[in-house]
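Quick notes on the structure that follows.
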Amino acid sequence: MRVDQSETPSGASQGGSGGVSIPQQVAFDRREMSVIMSLYGRMVAAGEWRDYGISCLRELAVFSVFRRTAEHPLYRIEKQPKLRLKQGQYSVIGMDGRIMKRGSDLRAVLRVLERKLIRAVD
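Going by the numbering used here, the first residue of the sequence shown is number 40, and it counts up by one from there.
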């Protein structure tokens, strides 16, 4: 069931124990950030990545990685909770906009980027 603010009765509370909670923005939780930052640290140590940016929007959260600060992101790691029951809420998107991997398990989705780390070290 989808609930918009316009569907909430005028007397209903927006939070608390009895009301419907509508998130104002999507964000990565502590566990997700730990997994992402672990990969980020390894890629920085390998010289592949240099900078990152985080965007928390209403529909999705985006972790963008850059080789240099003033360029387009190499990859975007996105979390879209609306797709949780369909293709999976996590995806890795390349510089060209193609979805490289999508799924429900963040670690499994990020493996597509870890393959690049193995090549960089060899």
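Ideal placement from N, C-alpha and C gives every residue a C-beta, glycine not left out.
Nearest to I75 by CA position, among R137, R146 and L96, is which residue? R146
Going by the CB atoms, is the gap between F67 and K118 shorter than 8 Å? yes
From what residue to what residue does the beta strand (DSSP E) around S130 run? Y129 to G133
Using the beta-carbon count (16 or more within 10 Å), is G92 buried or exposed? exposed
Are there 16 or more other CB atoms within 10 angstroms of the CB of E153, so buried, or fewer, so exposed? exposed
Can you name, in chain order, every residue of its own chain whose Cβ lies under 8 Å from the Cβ of P112, other than the five neighbours on each side? G92, S103, V104, F105 and M134
Quick one: grab the DSSP three-state call for R115. strand
Can you give me the C-alpha to C-alpha distance between V148 and K140, rounded to a whole angstrom? 6 Å
Leaving out five residues before and five after L124 in sequence, what residues of the same chain have Cβ atoms less than 7 Å from its Cβ? none
Is it buried or exposed, L96, if we count other Cβ atoms within 10 angstroms and call 16 or more buried? exposed
Excluding five sequence neighbours on each side, which residues of the same chain lie with their C-beta closer than 6 Å to the C-beta of S130? E117, I138 and R141
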